[in-house]
Each structure stands twice: as structure tokens, then as C-alpha cells.
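Colleague:
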Amino acid sequence: MKQLLLLTLFSVLISGCGSSEDKTPEPILDPPIPDYQPSPNNISSISLLDATGQPLEQAMVEISEYSESASEVSGKSLARNINQTSYTDANGKLQVNELEPGRYILSISIAGATVESILEIRQENTASNAAVTAPVSITKDSEGTITNAVSLLGEGIFASFSGIIYGPDGVLADAQIEVSGGEETNGAISISKTNSDGEFTLVINVSINKLNALKNARIRVVKEGYTTKWVDHDISEFANASIASSISGMNYKLDLSDKTDLVVYSEDFEQQGSDAECGFWNVIEFQPLDYEFDDLPPIDGIETQETYQAMAIESEITPIPEELTNLWHLHEQGLDIQNQAWIDNLVQLAPDDTSNGVVPNPKDNYACWYGQGSGNNLGAGNFLGDFGSGNGGAELDGGESDMPNAGALISPVIDLGTETSPLALSFDTWWEIESVNPNDQGFDLMIVSVSSDNGNTWQNIARLNPLTDPITSDGVNRAPIPYSNRGYNKAPTWTSQEPISLSEFAGEQIKIRLAFSTQDGLYNGFRGWLVDNIRITKEEGTFPRYNGSVDFNDLVSDSTASINIETLDVFFSGNVTSNDPVEVGIQSVDSNGNTNLLVSEIVSQGGSFELSADIFPDSTDDLELHAIVMINGKIIATEFIATVPQSEIPQ
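All letters in the sequence shown, in the order written, are residues 33 to 683 by our numbering.
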């Protein structure tokens, strides 16, 4: 009996040991870390900017709660239940008492002008400071004191919105956000990069005629290593002809990208080809407009001089010399080239520019730059080029060259023979050009072209220039003010170019050309165009396709133009070849970008015209004169006639 009990106990022990091995406890895992969630915050300060980006210092501000019903009753003002009244400091900053999420009216009074702007603070707001753009333009004297302010409400669309960009693990520094009206604005109208706290502010200042484009605006958010985000946003809902608004708390989350490397071609300029200027890309001459430099016909009242301005006044349309100075060259890290035109007070920096006028470093060691880096003279750090027979300009005139300059950067043959669509071109870009007339029909053009026949012919596929001239008051001198890849009067920074479609060239051998052309000798004291990290990737191109404006010479033939300085008359004649009746005219553009239709006439197909107009002798500005063609009051083609310097006009 005792033996049986021992055997039974032994059996149980063995069984128990086996059971213990089969039920080894699993390791305890840490709970998953939740994705980052922004922490809401109230607003304790407001930064006020005018429509040109300048801080509104010493402005009186009344803050009121938004009231729809009060607006309906008064019909004039949305301001009711006044909460706070105070003044901005020298930096345009205003301390406020913890504004909670909601909508507020800011009544802003400065230098005799009073305007209103809506501030919407969203529940998701994380910042303690809100940026507000007021629909007002200020002017300052030589000492920086505000002397005048003009309301711009009804003349343009003014807005700003701010927030943060974040990922699963927290806020994202150096992320890019932009707002675009698509084809009608030729891409982004405003671009911002996030700071170390992931914060951004976008400021919008565009003509009221772009309201329909902004009804279909899209926001693009980009960060390397993350999936690009597109968001449709009807800006007209909160900013239009009667309302200027700012929103704080527009936050965007980016997801980590799981895409594999889709790059099929790249050029970072780090390796130098033996016969190339930038990496394996060459520099070639560029002539954006056809021009044959013949002997100039004599014109009454003008003395022939061998200067660009005299040639511009005397010549026929499009007075561009045969050979232009080409400023494309390799730019290196650590050169710290300062814009001498800024040092000499020919141009200004944007209010938010802390660069001290220095041309930026490449993204890595090398980039390609259209600008002048060498030489201890006025041309260093800008694209003035040649000004040997002149002095390079005068104070705050934007800088003046003797003649235009232009050039192109061209790739080696790129083999896309085995590639299929989609394909897109992108690159890192930094640019700063004139703001007087920077648009697609204007000056300082940046053109992207492709050739599939080894450079014998070229197809323009994109222009980077905006289609949105900014709105300012008549008192603002835009000649020294920059327009950058971030927008009007904004500090330029390295940004990622929205992809440009190359899908139609899949299966081809191609060359790519990046061309810059000043088009004239005026306002050339800015820092130019830099490119780096050029890529062709397997993705859809979204940047608006350049369809090319209607060519002036397809509508008008045998056109000539002349100017009589003694009588202050401009003459323009030619024949209409358009299939439809068109309106031809002469338009002037002053240094502030203000246009004035001097004369026009409706002409049928085959009809001839002879137009003449006064140049307005009381003008104190240099005037650009343009021949224009219109249909239903809309300009469809334009051609530069000449620049009339104020110094050439008899007093």
C-alpha cells in the first residue's frame, strides 16, 4: 500500500513539472505610445501686420466679440461688446487678456485710417500668439516713422492663417505649407516653413479678381519622409471684398511615408563634370523673346546714345540686345556673399528677413545660382550684371542695369526610355526678384523647358512667376521691395518646388532647361534664383502647366512703336491678324506697379490702327510702356515697348 502511494506521488510530481513548462508566462509589454495630440491654448498676444507685411506699430486696437445679429442690425460694423482697447508696441505686437476660442472683431486705427479684421480662434489652437493681417497699407518716412495709412478693403483679398504641423511623434520643424489657386494663380500665392515648435503663418495679399480662384484654393503640406497632404479650402468664405480675416489653429497632421524610393534621376551638384558649370549641367545663352538688333530709326526729340535706356526709348517693340550677360554659376557653401545693392540702399529686405542681405548657403555643399558672386562692387550678391556706363541705380530704385541679362542652365541627356508615366520634375528652390511687375507677363522670368530632340527645339512646361500682383496703396514705392518664392515682401527661403509633370516625355531621351531673364534693365538689384537637388520621380505632377500666353505677334503684325520725349507722346501702329475683333491699346506701368490704360481702339481682322497718347509729364516715376491686346476688357497679350526714365522727361 505504501509503495502504491509513493508511485502515485511521483507520477503527480512529474505531471506537475510538465505542466509548469507548458505554461511559461509571456513577457509583459509596454502599452503602445499614442500618437501626439496638440494641447489647446488661449491667445495672449496678437501680432498685427499691414497688407505688405510690415508691423503695425503704435496702432490702437479695439477687440470685440463677433456678433452676427449686431452686424445685421447696424449694417456697418460687426463690433459689439467691446472687451479690450490697447496699443501695439514697436514690433506691432499687442498683449491681450487670454482670448478663448471664438470669433472676434479687431477695429484697428492707425495714421488716420480705421479698418476691421476678423480673428477666428479655433478649438484646436495651440499657440499663444496670433498673427493678424489688416487690410491697410502704411507708408514711412526716411526715419521709419509711419506717416500715412490707407484702407485697402474692397481692393484685394487679405487674410492670414496660422497653426502647427505635426506627425505621430510630435511637432515637425522645417515643414512646408503653401496655399494655391491653381492655374489662375500659377501655383502657390503664399508659402511658409514651420519653426522649431512646428508653427507657421501664411499671409495672403492678392487682387480681388482672384476671388474665384481662391474659392477653389488648395493647401499643400510637405515634409521629407512624410506623405504630402492636400486640403481643399475655400478662402472666399472668410476673406473677400468686404471682409479681411485671420484664423489661428489651422493644424495639420502628416503621416509617415511608406513609399519606396521612386527617384529615376537626380542632380545635387556635388560631383562636377569636366565640361560642366554646375554638376553635370551646362550654362548656355538664352533669348526669351525674338529681337533683331537693326539700326534704329531716328525719332524726333531723341538724341541717339549708346545706352540701354536710350535704345529702349528709340527702338521698336522688345528692345533686347543680341548677346546677354549670363549669370548662372556654381555656388558654394560658406561664401556669405552679401547683396551690395542692399548695403547701398538700392533695395530693401522683407520685414521678416533676418539674413542681413546674405545669399543663402546651398542645401549641401553646392547649388546653382543665377546671380553675381564675385567682384567687390555693386553687382555682388544680385543680378544687376552690366552697369558700366551707369551707376547701377539710385537710392531705393531697385537697381538699374545698362541692359537686360538672361541665361539658361541645361541638363545632359536624361534617359527616360524605359520609364512609364507618371513622371514629375521637382527641385529645391530659392528666389528673390522684383515686385513691380513679377508676374507671368512681366519681368525676371523663371522658365522651365524640355527638349526631346537634343536641344534643337524647346517646349516651355512651367513658369515659376506668380499671376497675382500684390495690392498696395499708391504711396508705396514697390521698386525696392522684393517678391520671393514665399510671396510679396516675404523673406525667401529654401522650398520644395511643387512637382511639374513630365509624363508626356515617358519613353523619351530629354534635356531640361532652367532659364532666367530679366527682360529689362530695371529693378535688378535683388538676389536672383538658386536651385538644388533636381529630381525626376515616379509621381503625378500637380504644378499648373504653362500653356503660354497668346503670342502678341500672332494677333498683331507689322507693329512699331516710338516715343517723342519733347512732346511727351507715345505712338503705336500695326495691323490686326486675329480672327476676331480685338481691342489694342497702350498701357503704362509706374514703379509701384500701378497700370493706366492710355489709349485703346477696337479693330477687326485685317484692320490697321494708329494710336498715340500722352505720357503724363507730371509723373515722378520711371514709366514702362506696354502694347496690349484685349478681348472683352481682358488683356490676353502684351508686349514691352520701352522704359521712359523720369530723368529723361523734361521738367
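Yeah, the Cβ is synthetic: ideal placement off N, Cα and C, and Gly gets one too.
1) With DSSP as the reference, label Trp313 as helix, strand or coil.
2) Using the C-alpha atoms, what's the distance from Gly665 back to Val635?
3) Go through its chain and collect everything with a Cβ distance to Ala399's Cβ below 7 angstroms, but skip five positions before and after it.
4) So if DSSP puts Val238 in a beta bridge, which residue, or which two residues, is it bridged to?
5) Quick check: Asn358 and Ala456, are their CB atoms within less than 8 angstroms of each other?
6) Ignore the nearest five residues each way along the sequence and tell me which others in Ile667's own chain have a CB closer than 6 angstroms to its CB.
7) Check for me: the alpha helix (DSSP H) holding Asn244 runs from which residue to which?
8) With contact counted as at least three CB pairs below 8 angstroms, one residue from each stretch, are the region 169-185 and the region 304-323 in contact?
9) Drop a sphere of 10 angstroms on the beta-carbon of Ser516, count the other beta-carbons inside from all chains shown, and report buried for 16 or more, exposed for fewer.
10) Take Ser467 as the anchor and find which of Ala440, Ile618, Trp490 and Asp501 has the nearest alpha-carbon.
11) Label Lys543 either buried or exposed according to how many other C-beta atoms from any shown protein chain fall within 10 Å of its C-beta, with 16 as the threshold for buried.
12) Determine the direct distance from the alpha carbon of Tyr578 to that of Phe604, and round the result to whole angstroms.
13) Give the secondary structure of Leu562 by DSSP, where H, G and I count as helix, E and B as strand, and everything else as coil.
14) Using C-beta distances below 7 angstroms, list every residue in its chain close to Ala159, excluding the 5 sequence neighbours before and after it, in chain order.
15) Compute the Euclidean distance between the alpha carbons of Asn607 and Asn585, then round it to the nearest angstrom.
16) Have a look at Ser481, Gly557 and Ser79 and flag the residue whose alpha-carbon is nearest the alpha-carbon of Ala426.
17) Please list the terminal residues of the continuous alpha helix (DSSP H) segment that includes Ile375.
18) In angstroms with no decimal places, state the Cα-to-Cα distance between Thr599 and Ala511.
19) Compare the Cα-Cα distances from Leu4 to each of Asn393, Leu629, Ile197 and Trp374 and report the closest residue.
20) Across the region 268-275 and the region 208-228, are there enough close Cβ pairs to call them in contact, namely three or more that are closer than 8 angstroms?
21) Can you tell me whether DSSP reads Asn628 as helix, strand or coil?
22) Have a look at the DSSP bridge pairing and note the partners of Val621.
23) Are the CB atoms of Tyr258 and Leu234 nearer to each other than 8 angstroms?
24) With DSSP collapsed to three states, give me the class of Phe584.
25) If I'm right that Asn469 touches Leu499 with Cβ under 8 angstroms, what's the distance once you round it to whole angstroms?
26) Based on Cα-Cα distance, which residue from Thr452, Asp429 and Thr592 lies nearest to Tyr555?
27) Tell me which residues share the same chain as Ser21 and place their Cβ nearer than 7 angstroms to its Cβ, disregarding the 5 neighbours each side in the sequence.
28) Unbroken beta strand (DSSP E) runs of length 3 or more, entirely within the region 434-470: which are they?
29) Figure out for me which residue from Leu496, Ala163 and Asp447 has the closest Cα to the Cα of Gln529.
30) Using the DSSP secondary-structure output, state which residues sit across from His265 in a beta bridge.
31) What residues in its chain sit with their C-beta under 8 angstroms from that of Pro394, if we drop five residues either side in the sequence?
32) Using three-state DSSP, classify Glu571 as helix, strand or coil.
33) Taking 8 angstroms as the threshold (C-beta atoms), are Asp121 and Glu89 in contact?
34) For Ser149, is the classification buried or exposed, using 16 other Cβ atoms within 10 angstroms of its Cβ as the cut-off for buried?
35) Helix, strand or coil: how does DSSP classify Ser505 here?
36) Based on the DSSP output, what are the partners of Lys543 in its beta bridges?
Modeller: With the given structure in hand:
1) strand
2) Taking the CA atoms as reference points, Val635 sits about 13 angstroms from Gly665.
3) Phe301, His363, Leu562, Val563 and Asp564
4) Ile189
5) no
6) Ile660
7) Leu243 to Lys247
8) no
9) buried
10) Asp501
11) By the 10 Å Cβ count, Lys543 comes out buried.
12) 29 angstroms
13) strand
14) Asn73, Ser194, Glu231 and Ser280
15) 10 angstroms
16) Gly557
17) Gln372 to Ile375
18) 27 angstroms
19) Beyond the ends of the chain as shown, which are 33 and 683, falls residue 4; an answer cannot be given.
20) no
21) strand
22) Thr627 and Glu656
23) No.
24) helix
25) The Cβ separation is near 12 angstroms, so there is no contact.
26) Among Thr452, Asp429 and Thr592, the Cα nearest to that of Tyr555 belongs to Asp429.
27) This structure does not reach residue 21, given that the chain is present from 33 up to 683, and the question cannot be answered.
28) 438-442 and 456-466
29) Leu496
30) DSSP, once it has assigned bridges, lists no residue as partnering His265.
31) Shown here for Pro394: same chain residues with a beta carbon closer than 8 angstroms to its own, the five before and five after excluded, namely Phe301, His363, Glu364, Gln365, Leu562 and Asp564 in chain order.
32) coil
33) yes
34) buried
35) coil
36) Ser483
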